[in-house]
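One structure is given here, and the rest of the page talks about it.
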């Protein structure tokens, strides 16, 4: 036994010792040159993109199709633009600037912007143009509107697929009047065209509310309608709705905007968007004209309001003038002729000026109090002026007190007459000027540019939409790729095994199309081996590399037997076992392959041998070693099949005769390869592993997560079986990052004749 153990297939004359094997193994694992991190990252990114190129192409193509569909079905939107100028307030006559304090402040552009968007202006437009009535043909979802817009015939288009209730182009309706109960405002009604200009209106529940004829007012219970025009096939349906004033204004405001052009330019830009270029031009023009009219009305109303105030003051002032004159004349008659000295006349003149100014300021204050509170700056300014006039009047009162009593009385009476006459005359003149101003009011805004509608639709152009769709398609495909790679936890890189499990990967076997063909043939009964039929295949070349690597890596093995297993089914462990046995036999080694998968073993098929007389018969004592050994067409290669499938494979493998089988085979052959069931599926591999010299696990690219491999290694270790390393199987070298070799694992190097 000891002599046999020293006769391992991994030792050969002239082979260096253990330290040399370690150095060789390390050298094999580090053969690829190290690129700089930046170049490697860029290369990996490009490789990943190339791996998923069909996904990127499919998603991008789908996005382009959606973009084309959007271009086809999207309703074109047009924009109408207009320009207004806000001027300083002016009346009908330039000479009335003195009335500016009575007519208010200069126009505020920000206030005018709000007025242009107010319900006062937009509500009038809605009412005048009947924008609160919605009457449009009902089109087929998604494509119906696009088909209708592209139909240019005079008569209604024929229905598609017999869908006669939808409009397919050419249908017209004009509703001049629609009255509904308050509960039905903003609710959708349906108008169904009938024969010879007839129609029927139904509510949202499909109940008929009235019937009528085109050109005649139709009246039903709580409903009335006047349809001026209806051109449609009988049975065609129209969406009908009466909007509330608030909803109609909000709908108009949603597509309407106004802003100042430039800073402090007093130029206001108005724009309105919509699907009907003719209608939006009419609506925008009416908005500007309505705003202009209300501006003139507002200016005229201000003048009228001031005039009304003055006319209420004039009768009282006339009475005051008459009373002052009567008092003055009576006093002079009672005292005789009285003349004022020059000094008294000077004082009288000054007092009259002060009194007139005070009266005018009080009138201005009364006018301002109608619009402002006493704390307003304008009223405060008037109060300050009145206070200064009162101080001047007190100074004059001191001068008057120094005059004789007769002179004081004459001065007071003459002052009252003068002040009353002057004030009355000024108010008469002001009232007359206001009457002229009211008649000549032109407003302080004017239309610079009437509404103009662009010939081309606004918004993104078809080319831009397709460009955006292309970009979004690429970006979305990148997101999908990222999610797939983030959610996909399977091992696709052998370096992950080495870094996370700390075990070497002795070989990376690329995917073989030839092996797929051979497996397809084997299902029809013709079994062939890849290493025999296609010895130049890259997968076979990788197994030759595994043969060399194992020679140095397993020099310290105590037995010449090698267990090959995996974590789960379908990893290709039997493929590795069979073809590794062939490449070992091709260099003169005496090799035997033991099919220890007593549940699903099928290695005998590829060698054209029978299942009977195998492991189960030997362990059961029903056959000798010579009886279970089967030669193959490959020189130096024998196989031991599973034998009859036993009901208790694990118990059979635990029998001492199974250990005897491996020991006797080890004495006869240079290498014993044992193909075992998956570790996580059954416990057979853990049982067999205690009787072999080394254990290799097969991992398949993209088949299982690293956690599965970790659990398999852990389970073997718990059973006292040490996993020597891994064989990474079925690496897809067609992917870009593997095409020219994956960091030294795979290189394409064919024979040349």
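Numbering (the UniProt record's numbering), first residue to last: 1 to 753. Just so you know, even glycine gets a beta-carbon here, dropped at the ideal spot from N, CA and C. Here the structure is a predicted model, which means the values were calculated and not measured.
When the options are compared against residue i, the one with the closest alpha-carbon
i, options, result
"residue 228", "236, 222, 212 and 675", "212"
"residue 457", "76, 52 and 65", "76"
"residue 57", "507, 472, 81 and 153", "472"
"residue 114", "80, 124, 205 and 257", "257"
"residue 193", "181, 187, 185 and 210", "210"
"residue 282", "125, 67 and 563", "125"
"residue 121", "278, 284 and 155", "284"
"residue 140", "168, 430 and 154", "168"
"residue 508", "128, 158 and 727", "727"
"residue 608", "528, 233 and 127", "528"
"residue 552", "631, 639, 506 and 585", "506"
"residue 144", "157, 153 and 132", "157"
"residue 326", "413, 45, 620 and 174", "413"
"residue 55", "540, 475 and 491", "475"
"residue 293", "116, 136, 714 and 695", "116"
"residue 221", "181, 246, 197 and 317", "181"
"residue 613", "644, 596, 585 and 633", "644"
"residue 223", "78, 191 and 233", "191"
"residue 86", "392, 710 and 264", "264"
First and last residue of the uninterrupted beta strand (DSSP E) at residue i
i, result
"residue 589", "Looking at the DSSP string, residue 589 is not in any beta strand (DSSP E), and its letter there is neither H nor E."
"residue 218", "217 to 220"
"residue 729", "723 to 731"
"residue 269", "267 to 274"
"residue 228", "223 to 231"
"residue 238", "237 to 242"
Beta-carbon spacing of residue i, residue j below 7 Å
i, j, result
"residue 427", "residue 351", "no"
"residue 511", "residue 675", "no"
"residue 641", "residue 604", "yes"
"residue 646", "residue 616", "yes"
"residue 591", "residue 671", "yes"
"residue 188", "residue 206", "no"
"residue 445", "residue 266", "no"
"residue 531", "residue 587", "no"
"residue 494", "residue 566", "no"
"residue 50", "residue 134", "no"
"residue 289", "residue 273", "no"
"residue 580", "residue 700", "no"
"residue 600", "residue 693", "no"
"residue 354", "residue 423", "no"
"residue 80", "residue 469", "no"
"residue 71", "residue 465", "yes"
"residue 650", "residue 684", "yes"
"residue 225", "residue 232", "no"
"residue 789", "residue 379", "Nothing in the structure corresponds to residue 789, since the chain is present only between 1 and 753."
"residue 652", "residue 619", "yes"
"residue 574", "residue 680", "no"
For residue i, the first and last residue of its enclosing alpha helix (DSSP H)
i, result
"residue 545", "538 to 553"
"residue 122", "119 to 129"
"residue 754", "No statement about residue 754 is possible, as the shown extent of the chain runs from 1 to 753 and does not include it."
"residue 714", "706 to 718"
"residue 113", "109 to 116"
"residue 533", "530 to 533"
"residue 527", "From DSSP, residue 527 is part of no alpha helix (DSSP H); its letter is neither H nor E."
"residue 557", "Per DSSP, residue 557 belongs to no alpha helix (DSSP H) and is neither H nor E."
"residue 684", "684 to 689"
For residue i, the residue or residues it bridges with in DSSP
i, result
"residue 694", "562"
"residue 139", "167"
"residue 626", "Partner(s): none; residue 626 has no beta bridge."
"residue 85", "267 and 446"
"residue 699", "728"
"residue 78", "274"
"residue 282", "Bridge partners of residue 282: none, in fact."
"residue 133", "242"
Contact test: residue i Cβ vs the ligand ATP heavy atom, cutoff 6 Å
i, result
"residue 42", "Although the ligand ATP was asked about, the structure shown includes no ligands whatsoever."
Practice problem: Report the residue ranges of all beta strand (DSSP E) runs contained in full by the region 432 to 513; include only those spanning at least 3 residues, in chain order. | Solution: 445 to 453 and 505 to 510
Quiz item: Which residue spans inside the region 143 to 215 form an unbroken beta strand (DSSP E) run of at least 3?
Solution: 172 to 179, 188 to 193, 198 to 202 and 208 to 213
Quiz item: In the UniProt domain "AAA" (570 to 682), which residue ranges form an unbroken beta strand (DSSP E) of at least 3 residues, counting only runs that do not cross its ends?
Solution: 591 to 595, 637 to 640 and 671 to 675
Exercise. Kindly provide the ranges of any alpha helix (DSSP H) runs that are 4 or more residues long and lie completely inside the region 310 to 392, ordered along the chain.
Key: 342 to 369
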